[in-house]
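**Student:** Could you have a look at this structure, given as structure tokens, before my questions?
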Amino acid sequence: MQVTTARDGDTLVVTADGALAAGVGTVDPQFAGYVGEAMSTLTARLTVPEPADPAAATTTTLVADPAGSSVEGAAVALAATVAPAAAGTVEFRDGQTALGSAPVTDGVARLEATSLAVGDHSLTAAFTPADPAAFLGSTSSAVTHAVTAAEPEPEPEPEPEPEPEPEPVADPQVTVAPSGPVDPAVENSFTISGTGFVGPAAQHGAYVVLGDASIWDGSGPLVANGWLQLAWVRPDQVVDGAFTTTLTVPAGSFDPEVEYVVATSAAHGLSATDRRLDTFTPVPVAQPEPQEPVWEPAVEVFAADGTTPLGDTAVSVGDTIVVKGTGFDPAGNVGGRGMPIPATLPQGTYVVFGSFAEQWRPSEGVASSARKVGSQSWALAESVLEQVPPQYQGAIRAAWTEIAEDGTFEAELVVRNPAALDGGRHGVYTYPAGGVTNAAQELFVPVAYDVPAALTVTPAASTVEPGGTVTLTVDGLTADDAVRGVTLGGSSATYTRDGDTVVVTIPAEAADGELVVGVTSVLGVAGSTTLTVKAPLVADPVVAVSPSSGIDPAVENTFTVSGTGFVGDAARFGAYVVLGDASIWDGSGPLVASGWLQLAWVRPAQVVDGAFTTTLTVPAGSFDPGTEYVVATSAAHGLSATDRSLDTFTPLGITQPAPEAQRTTTALTASASRVVEGAGVTFTATVSPGGAAGSVRFDAGSSALGTTAVVDGTASLTTTGLAVGTHTVTATFVPGDEDAFLGSTSTPASVAVTAKPVEPGTAGSLTWGVKKSFRDYIVGPIAHGGATASDGATVVDGVFRFGQAEGGTWSSGTGRGTVGYAGTVRFTGHGGLLDLSLSDPVVEITGATSARLLVDATSKGLDGSTFDRDDVAFATLALGAPATGADGSVTYSGAVATLTADGAAAFSGFYPAGTALDPVTFTVGVPAQQPGGDGGEIGDPDGGSGGDVDPARATLSVAQVVPGGQVTISGVGFDANETGMRTEIHSEPRVLATGVTANAGGAASSTVTVPTDLEPGEHTLLLIGAHHTASAPLTVVGAEETAAGGQGAGSGAAAEQCFAQGVNGATLTWGVSERFRAYVTGPIAKGAVSTTGVRDDGTTFTWSGGKGSFNTDLGKGARATAARSPSPATTASST
């Protein structure tokens, strides 16, 4: 037998040829005559993945528990650890005796041995991997284990006499219907069915009760009272231990909060003593829909113990009070400021001891100044607190009290003295946190409060200088109180403290005058004192000039110059004031005395407490708008050269001349350069710069079309009233502010308006031959087929014509859209193995020179593949210039058609994408009257689908080959021992081999070399005899395709493979024997061939779904067998 293989990715095709062996005669004596005859070619397709890495080695370690020895009959736990942890099984052995197997789970297999005989044992564990391609097996080292004899068992007691046959034993079972939750608001009837109510316990029947499960649980006599319903099932109602009864419960009897049961018990006196018929079947009650909680906030105040109401008991600073709240919605108060709690979360509630005004509520818009807080807690649900950004959680937790899910909280407040407030009321207050308003949570409970005396603050010195320090002594602090904060003039001060002594730093920038120092304790008690701040005089000159801006250089200007801070030694001679060009002097050296427009000397007597006022007058025309001017000051006399502490510079704003109007440009575009009369065209004008406001006037020659406003730099106008002809349209921008922008006019835009087209009268049609070489192939001696036109398609001059159908979106104005045509063309050949139908073509015109051809396609390939899809983009069309008839019909002639990838799929891969098809000619007119019945045919369609079929068949060693490559064609069905056969390749017939000889079974093969100049594409390889021809399709690919896709088929042996791989989805095609099939179905045997799960195409049988493993190293002589499918079978029978 000759075996050849070819690989395509993970698919391996194995082909076997040869003679039937002597073993065929053992199947049936009738087959003995076929020994030595040529068998039909056997083809198997196997899915064989690419070779995997070599299997990994494993180790197996065995442990016995107990270790070393055990007593006869005791269990010995065996555990085998496999490393690495691979899937598989472990067989445990005692010497050569198998003890059992166990799977490996998480790297360990376990077995309990209970039958080890007395004596020494050598225990081993052998691992067998589930995937031999990935892991190797391994065997553990032997573990020695000794089994000692057990103590002898005592003599067994004699068997007791058999008990008499027992009476029936009660096994009560009860079902209740309905069994699902019942509606307590309606009357409910329950059907109770029981079985197993037999024996002495059932002699009086049974009681059935329904009610609260807590009434009775079977732990004592049946309780007779309190049930919603009860019934007595009489003995005559119990048949073979079974009964059915009904209990009805009025509406409103069930409480959803109570658990109910249907219970049974023995009846009469046995209900108190016999528990054998007790059963309990729950009766679920539908729960009412949960009610939204009603939140009604309320608070109570208690003493420090949390239980004694505070009432009128007075509290002092440092005391602890407990505030308990109820009805506070933990999910309420969402919103607010968003800091520190995000506004999407509940903000919680402030719980405060303080002094608030009588009108204090935030919900009424009262400012925070009406609320003086002493102590505060922040009540908030913990689930909300956990969602607060981490950087803020610490601050909240320092004062946090949890609001429980039921809206309760308990806050402890240490009483701290609130700030004084006129008319304030001391007490406990609650209100929403985070700036949220919620009047329901604004609550007040008055608290009697002993207001503490103020702290006494004594300074070591009453007069201080800026930047210095002062020591304060604080009296009045209690033992558990301390200084918490110090303010200077109401602002936080820098200080250190040691007990009741505080050292405060006076800011260096503190102004002269009185400064109040405030001291506040941890418990909120405050005190203050007043210091006098006095600093040495330091010049701090500040100058104001009026006017300082909007100065008109064309008029005389008088400037009033006022100065303050002109003090200290630098001001002892007064000050100089100058006005002029800022470039004359910038203070980096002595005052420059010349070049100024004006100057003045402010004498010392004119400076009062550092302040002065003087005037400078500048004549008209003195200012140059292009120059920067200042009013400058300096120390006077000799100090003007050495002391810079009185230097100031105040710039002057000189009015600039008004700017010229800015130029603009206007650009005009039209939505179409050609429209049909009555169609709309939109003109869009773009004005630059984009900030220019105004309007655009659109004119067509001397006719005004309209005016629109400029919005975001553009203005648009749509018109439908342009007459037939060519129009030159301009857009003129008219600025809204002519001082800021100049007008502009666009270059013209030309629009041609054509007359409305005449409605066509010619019926539309589409003429197409699909592809001439395909038509020739179908009707030729290989396919023996033809094509049929129907459903509106006709055969005209050997090609096909389709009439225009209703509908479509094609527009004569745009020349774009779709045109549909009706009809079907069906190609058949190869005895029906090839079947292609193209129906209802549609031309979609997408551009002036571009279109697509869409068809409904159904096909069946030679390999059995199928394709069925509507609106397939079958080909692209390159359009020429259309011809327009007098009636408005439009014809495109000879549009070049190119096959698309989807079209190639519909062709069952007969041609690749990019193949040139026959040109298409189509006319867009009015819908055609569709002819009925047969529209004609070419060739012999019946011959392609059911006539006499040449029995010769061929297979190829490869499906693809490069020019110059080799391919073997094997055929069957020829005359016995026929000689002089030849091998040809088509489309253009070329003889590749002659002198081919068939064997006695009519089988022949020929290995040929594909011509190097053969064009890539689809070809047919033929094995031709005197009376029969066998053919098979062959794809010739270019060398570059082979380089891109890997080793080309037929170009050499496969790379060496070393490991067996798993096979799935294998197929096997075999005809058994042509002569045998002919004999079985012939006039002698008068039999038939039937299949189960096997595809039969009349000459061969194909098995699929094979599984197994395969070694691809065929070059070394290894065999490959497709796995046998578990169910398919082929049966030949004869009479």
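In my numbering, the protein residues as written are 92 to 1226. We put the CB at the ideal spot given by N, CA and C, even for glycine.
#1: When every heavy atom of the ligand ZN is checked, does at least one fall within less than 8 Å of the C-beta of residue 93?
#2: In whole angstroms, what separates the C-alpha of residue 986 from that of residue 969?
#3: Identify which residue in 196, 676, 186 has its Cα closest to the Cα of residue 170.
#4: State the Cα-Cα distance for the pair residue 1009 and residue 1029, rounded to the nearest angstrom.
#5: The beta strand (DSSP E) that contains residue 463, what's its start and end?
#6: So residue 299 and residue 322 are supposed to be a Cβ contact under 8 Å. How far apart are they, rounded?
#7: Note down the Cα distance separating residue 194 from residue 167, rounded to an integer number of angstroms.
#8: If you reduce the DSSP assignment to three classes, tell me which class residue 778 lands in.
#9: Can you list, in chain order, the residues of its chain with a C-beta nearer than 8 Å to that of residue 1110? Leave out the 5 residues immediately preceding and following it.
#10: What first and last residue would you give for the beta strand (DSSP E) that runs through residue 625?
#11: Since I believe residue 111 is in contact with residue 126 (beta carbons under 8 Å), could you give me their beta-carbon distance rounded to a whole number of angstroms?
#12: Round the Cβ separation of residue 423 and residue 389 to the nearest angstrom and send it over; I've been treating them as touching at under 8 Å.
#13: Quick check on DSSP: helix, strand or coil for residue 1198?
#14: Residue 889 to residue 860, Cα distance in whole Å?
#15: Examine chain B for any beta-carbon lying closer than 9 Å to the beta-carbon of residue 722, and answer yes or no.
#16: Using DSSP with H/G/I as helix, E/B as strand and the rest coil, what is residue 1070?
#17: Going by DSSP, what residues sit across from residue 1006 in a beta bridge?
#18: Enumerate in chain order the residues of its own chain whose CB-to-CB distance from residue 695 is below 8 Å, with the five nearest sequence positions on each side excluded.
#19: Three-state secondary structure (DSSP) at residue 865?
#20: Suppose contacts are defined by Cβ-Cβ distances below 9 Å. Is residue 958 in contact with residue 1007 by that definition?
#21: Just checking, does the segment 580-598 make contact with the segment 553-569 on the three C-beta pairs under 8 Å criterion?
#22: Within 10 angstroms of the Cβ of residue 104, are there 16 or more other Cβ atoms? Answer buried if so, exposed if not.
#23: Would a C-beta distance cut-off of 9 Å place residue 411 and residue 473 closer than the cut-off?
#24: Using 9 Å as the threshold, is the C-beta distance between residue 370 and residue 441 below it?
#25: Alpha carbons only, please: which of 291, 497, 434 is nearest the one belonging to residue 383?
#26: CB-CB under 6 Å to residue 432, same chain, minus the five flanking residues each way: which ones, in chain order?
#27: Would you check if the distance between the CB atom of residue 887 and the CB atom of residue 1027 is smaller than 9 Å?
#28: Can you tell me whether residue 487 is helix, strand or coil according to DSSP?
#29: What does a CB cutoff of less than 6 Å around residue 148 pick up in its chain, not counting 5 residues either side in sequence?
#30: In three-state terms, what does DSSP make of residue 1205?
#31: Given a threshold of 16 other Cβ atoms within 10 Å of its Cβ, counted over all protein chains shown, does residue 242 qualify as buried or as exposed?
#32: Apart from the five residues just before and just after residue 716, which ones in its own chain have a Cβ nearer than 8 Å to its Cβ?
#33: Out of curiosity, what's the CA-to-CA distance linking residue 261 and residue 276?
#34: If we count the other Cβ atoms within 10 Å of its Cβ and call it buried at 16 or more, is residue 1230 buried or exposed?
#35: Here's the rule: buried if 16 or more other CB atoms are within 10 angstroms of the residue's CB, otherwise exposed. What is residue 316?
#36: Just to confirm, are residue 776 and residue 758 a CB contact at a threshold of 9 Å?
**Tutor:** In brief:
#1: By its list of ligands, the structure shown contains no ligand whatsoever, and the ligand ZN lies outside what it can speak to.
#2: 5 Å
#3: 196
#4: 16 Å
#5: 462-471
#6: 5 Å
#7: 18 Å
#8: strand
#9: 1076, 1077, 1078, 1124, 1125, 1126, 1127
#10: Counting along the chain, residue 625 falls outside any beta strand (DSSP E), and DSSP gives it neither H nor E.
#11: 6 Å
#12: Not confirmed; about 15 Å, so no contact.
#13: Low local confidence applies: a pLDDT of 46 at residue 1198 is under 50, so the model's placement there is unreliable, and no value is given.
#14: 8 Å
#15: Given the protein chain composition of this structure (a single chain), no chain B is represented.
#16: coil
#17: Note: residue 1006 sits in no beta bridge, so no partner.
#18: 662, 663, 664, 665
#19: helix
#20: no
#21: yes
#22: buried
#23: no
#24: no
#25: 497
#26: 438, 479, 525
#27: yes
#28: helix
#29: 227
#30: With a pLDDT of only 36 at residue 1205, under the threshold of 50, the placement of this residue in the model should not be trusted, and no figure is reported.
#31: exposed
#32: 644, 745, 746, 747, 748
#33: 37 Å
#34: What is shown of the chain runs 92 to 1226, which leaves residue 1230 out entirely.
#35: exposed
#36: yes
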